[in-house]
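Asks: Sharing a structure with you now.
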Amino acid sequence: MLLVLLSIFSLSCSENGREDFKPIERPKDKKARKTPPVHGRVNFPAGQVRVLLVPPGTTAARAGFKPGDALVSADGKKITSEQQVERITASAGGEIEFEVVSGGGLYMKTLPPGTPGWLLLSGATFRTSLIAASQRRPRARANEISAVRALELFEYSSGRRRRAFSFQGPALCLFFTIREGKDKEALSAFARGCPGHGAKCMAVDTLELATAVRRPERWQRELEKAAAMLREKAALFVDHLQAAANALGIRNTPVVIAIDAAGRPIRRLEGSRCTDAEAISEQAVRVG
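Residues 121 to 408, numbered by the working numbering, are exactly what the sequence shown covers, in order.
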């Protein structure tokens, strides 16, 4: 199992559309950095950091960053982890010049001040996550979790990580995996069943990590479809590395979990009930 998981570590990057940034001119000496061919396979070593998601309208999107970009350096300093990038962007007093491998070419992209809004992943985190998944013990049931206020999710609309349940009031949360057919049906039912009730409605993509890494642009397009479906009806989040799903004991998606005002999971809908707008509406009324 572990060998199968670790075999996913390479992915293919191809450039769609015109690149607006000029390639860096490589020095003529023998030490010049080599870039992979445009249509070649790009390895994902432990020290490499990739862009998984760039929601439209965020600072990173406006600066030309795309899903699948590999961040090589920031203002000349080599990048090796997501945490390092977060520290650099948080402390920067102005623009940051990133050296980026995108579609097989090497480019400079300038990130303006402010929150980038991207979701990053390093090869080391990817490796750790896959190994942990292969060794994971059976998950606890949601009613065994005392509270979920501390769970952190990536908010799609703002591109920020936040404590998803740190608000006053109850919530109804749909956990889904965007590549599954039934999960897409559940998204539609959730959008129809939630509006007009007292509960805050949240849709959470549990992030099939290997799929997102192999095809980041396709994954982003699917998330954009989900965001359009849920607009003004429910907030959309990404459960990075499935931390929230693990804490809530979610084994399969789709599942709808009702959370009370104290942050405790109190009820759940599973299977076909998650594709029933009336059942979802009833739960929204009860928890609200």
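Ideal Cβ placement from N, Cα and C applies to all residues, glycine included.
1) Of all the beta strand (DSSP E) runs that stay within the bounds of the segment 204-237, which reach a length of 3 or more residues?
2) Three-state secondary structure (DSSP) at alanine 363?
3) Would you tell me roughly how many angstroms separate the C-alpha atoms of alanine 210 and leucine 239, rounded to the nearest one?
4) Taking Cβ to Cβ, would you say phenylalanine 310 is nearer than 8 Å to isoleucine 377?
5) Any idea if aspartate 195 is buried or exposed, counting beta-carbon neighbours within 10 angstroms, 16 or more meaning buried?
6) Does the segment 201-215 come close enough to the segment 271-278 to have 3 or more Cβ pairs within less than 8 Å?
7) Does the segment 368-376 come within contact of the segment 388-404, defined as at least 3 CB pairs closer than 8 Å?
8) List the DSSP bridge partners of methionine 322.
9) Label tyrosine 227 either buried or exposed according to how many other C-beta atoms from any shown protein chain fall within 10 Å of its C-beta, with 16 as the threshold for buried.
10) Helix or strand or just coil, what does DSSP make of valine 158?
11) How is leucine 327 classed by DSSP in three states: helix, strand or coil?
12) Near aspartate 149, which residues of its chain fall below 6 Å by C-beta distance, leaving aside the five closest residues on each side in sequence?
13) From isoleucine 251 to asparagine 366, what does the alpha carbon distance come to, in whole angstroms?
14) Straight-line CA distance for threonine 179 to lysine 353?
15) From serine 407 to leucine 292, what does the alpha carbon distance come to, in whole angstroms?
Replies: A quick look at the data gives this:
1) 216-222 and 225-231
2) Taking the sequence shown and counting its residues from 1, one reaches residue 363 at position 243. Residue state, collapsed to three classes: helix.
3) If you number the sequence shown from 1, residue 210 lands on position 90. If you number the sequence shown from 1, residue 239 lands on position 119. Between alanine 210 and leucine 239, the C-alpha separation is close to 15 Å.
4) Taking the sequence shown and counting its residues from 1, one reaches residue 310 at position 190. Taking the sequence shown and counting its residues from 1, one reaches residue 377 at position 257. Not a contact, by the Cβ cut-off of 8 Å.
5) Numbered from 1 along the sequence shown, position 75 holds the residue referred to as residue 195. It counts as exposed.
6) no
7) yes
8) Taking the first residue of the sequence shown as 1, we reach residue 322 at position 202. In DSSP, methionine 322 forms a bridge with Cys293 and Ala355.
9) Locating residue 227 in the sequence shown gives position 107, counting from the first residue. Burial call: buried.
10) Locating residue 158 in the sequence shown gives position 38, counting from the first residue. Bear in mind that a pLDDT of 35 at valine 158, under 50, signals an unreliable position, so the model cannot answer this.
11) Working through the sequence shown from its first residue, we reach residue 327 at position 207. Leucine 327 falls in the coil class under three-state DSSP.
12) Reading the sequence shown from its first residue, position 29 is the one you call residue 149. Because aspartate 149 sits at a pLDDT of 41, beneath the cut-off of 50, its placement in the model cannot be relied upon, and the point is left open.
13) Within the sequence shown, the letter at position 131 stands for residue 251. Within the sequence shown, the letter at position 246 stands for residue 366. One C-alpha to the other measures close to 15 Å.
14) As a working note, residue 179 is residue 59 in the sequence shown. As a working note, residue 353 is residue 233 in the sequence shown. When rounded, the distance between both Cα atoms is 25 Å.
15) Locating residue 407 in the sequence shown gives position 287, counting from the first residue. Locating residue 292 in the sequence shown gives position 172, counting from the first residue. It is valine, not serine, that sits at residue 407 in the sequence shown. Their backbone Cα atoms lie some 8 Å apart in a straight line.
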